[in-house]
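**Q**
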């Protein structure tokens, strides 16, 4: 029998050489008796490799005689379908506004959003921060901007959870995340309606866990990515960046794994808040499947934001829209009589839904 090992005084182990050789021989025999397609658990249980669902690597041969699926985009080159995108922006910067704009354009059949071609179809907005009246005002004003009837947007769906029941996940005592009934209900709705876009406002309102925990952040984003891939939907998460995230231009907050776990990220900022309060800059700070560091200059046009190029193409209309003042009218805004040509009309055929710049100039002449 071998002498006991004394860790404290650093004594050498006086092991019996014959016993050691016998042990080594036994281990070698066990290794030889294990098949290449078997894996050992707990030292005595062998499970066929093919029975382990979570560990099945492939070789490139599997791709032979097949064509890889092309990348699908909700917004060409900016927001991928089948995945999760983060839209970050400081409070009050307008991120909810441009997210609502994207939702409306997708649901209304408008094929362009801020200069990017987009897919069309059902869209779901999960609003966990703003009250219904605020969202209604946004929807009606954006619709008025593009000359469509907001009340005819049958493909736009908006969910307003109770403010004390907005969580999509909860953290358990062991650190694992569990889905809430709200997330399960949203998944069921997505499976039934197959939307093209889901926007969630915001991370702080739906993530009931530690926002700086790498494990929990990556698990939550993975949950959403699985939903996106399974149902072919683009999911956009709205988030508030930290002061550092705004300063360094990354838009990150809490753990860097929020940014690292998604495939695409946008940051909305106000670079000249004092001298030009109508201007915003939308930067595409991460894009794993397209061009990154794109930058768009946006300008408030009275009813919503538009690209600076579009505003410059119709300066008279932009100037008149900028004079909009909030009232209690149906869409929450009112202007001088000269703007009455820009009116809400019943939903038009797709080809006629978005007015051309030429028609805008004629109406505002």
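Numbering (my numbering), first residue to last: 3 to 367. C-beta atoms are modelled at their ideal positions from N, C-alpha and C, and glycine is treated no differently. All figures in this text were calculated on a predicted structure; none of them were measured in a lab.
Using the rule of at least 16 other Cβ atoms within 10 Å of the residue's Cβ for burial, across every protein chain shown, is residue 306 buried or exposed?
**A** buried
**Q** Going by the CB atoms, is the gap between residue 300 and residue 91 shorter than 8 angstroms?
**A** no
**Q** Residue 74 to residue 180, Cα distance in whole Å?
**A** 30 angstroms
**Q** Kindly identify the DSSP beta-bridge partner or partners of residue 95.
**A** For residue 95, DSSP assigns no beta-bridge partner whatsoever.
**Q** Helix or strand or just coil, what does DSSP make of residue 38?
**A** Low confidence applies to residue 38: its pLDDT is 42, below 50, so where it sits in the model is not reliable, and the reading given next is rough at best. Coil, per DSSP.
**Q** Around the C-beta of residue 39, are 16 or more other C-beta atoms found within 10 angstroms, so that it is buried, or is it exposed?
**A** Note that residue 39 scores 46 on pLDDT, short of 50, meaning its location in the model is unreliable and no value can be drawn from it.
**Q** Determine contact between the segment 115–124 and the segment 70–85, defined as no fewer than three beta-carbon pairs at a distance below 8 angstroms.
**A** yes
**Q** Where do the ends of the alpha helix (DSSP H) carrying residue 185 lie?
**A** 183–195
**Q** So what does DSSP say about residue 242, is it helix, strand or coil?
**A** It is coil, neither helix nor strand.
**Q** Please state the DSSP three-state secondary structure of residue 112.
**A** coil
**Q** If residue 188 and residue 105 are in contact, beta carbons under 8 angstroms, what's the gap, nearest whole angstrom?
**A** With a Cβ gap of about 15 angstroms, residue 188 and residue 105 do not count as contacting.
**Q** At which residues does the alpha helix (DSSP H) containing residue 390 begin and terminate?
**A** The requested residue 390 is not part of the displayed model; the chain covers only 3 to 367.
**Q** Mind checking residue 32: buried by the 16 CB within 10 Å criterion, or exposed?
**A** Residue placement at residue 32 is flagged as unreliable, the pLDDT there being 45, under the threshold of 50; the coordinate-derived value follows with that caveat. Result: exposed.
**Q** Grab me the residues of residue 302's own chain with a C-beta within less than 6 angstroms of its C-beta, minus the 5 sequence neighbours each way, in chain order.
**A** 280
**Q** Go to residue 232, then tell me how far its alpha helix (DSSP H) extends in each direction, as first and last residue.
**A** 216–233 is the extent of the alpha helix (DSSP H) around residue 232.
**Q** Suppose contacts are defined by Cβ-Cβ distances below 8 angstroms. Is residue 238 in contact with residue 101 by that definition?
**A** yes
**Q** Are the beta-carbon atoms of residue 206 and residue 242 separated by less than 8 angstroms?
**A** In this structure, residue 242 lies closer than 8 angstroms to residue 206 by Cβ.
**Q** By the three-class DSSP mapping on this structure, what secondary structure does residue 236 have?
**A** strand
**Q** The ligand PLP and residue 241: does any heavy atom of the ligand fall closer than 7 angstroms to the residue's C-beta?
**A** You won't find the ligand PLP in this model; it holds no ligand whatsoever.
**Q** Buried or exposed for residue 87, going by 16 or more other Cβ atoms inside 10 Å?
**A** buried
**Q** In terms of alpha-carbon separation, which member of 293, 295, 110 lies closest to residue 148?
**A** 110
**Q** Taking all protein chains shown into account, do 16 or more other C-beta atoms lie within 10 angstroms of the C-beta of residue 69, making it buried, or fewer, making it exposed?
**A** exposed
**Q** Out of curiosity, what's the CA-to-CA distance linking residue 291 and residue 282?
**A** 25 angstroms
**Q** Quick one: Cα of residue 191 to Cα of residue 182, how far?
**A** 14 angstroms
**Q** Below 8 angstroms on the Cβ atoms is my contact criterion, and I expect residue 203 with residue 129 to pass it. Report the Cβ-Cβ distance as a whole number of Å.
**A** Right, their Cβ atoms sit about 5 angstroms apart.
**Q** Taking residue 178 as the reference, give the member of 295, 221, 260 with the closest Cα.
**A** 221
**Q** Thinking C-alpha only, which one of 123, 59, 267, 159 is nearest residue 138?
**A** 159
**Q** Please report how far the alpha carbon of residue 212 lies from the alpha carbon of residue 289, in whole angstroms.
**A** 26 angstroms
**Q** Suppose you measure from the CA of residue 171 to the CA of residue 314; what does that come to, to the nearest Å?
**A** 45 angstroms
**Q** Return helix, strand or coil for residue 104, following the three-state DSSP convention.
**A** helix
**Q** Determine the closest residue to residue 157 out of 304, 285, 271, 197, with distance taken between C-alpha atoms.
**A** Measuring from the Cα of residue 157, the nearest candidate turns out to be 197.
**Q** State yes or no: is the C-beta of residue 263 within less than 8 angstroms of the C-beta of residue 223?
**A** yes
**Q** Going by Cα to Cα distance, which pick from 284, 219, 274 is closest to residue 255?
**A** 219
**Q** Should residue 239 be flagged as near chain D, meaning a C-beta pair shorter than 8 angstroms?
**A** The structure shown has no chain D; it contains just one protein chain.
**Q** Quick one: grab the DSSP three-state call for residue 290.
**A** coil
**Q** So what does DSSP say about residue 64, is it helix, strand or coil?
**A** helix
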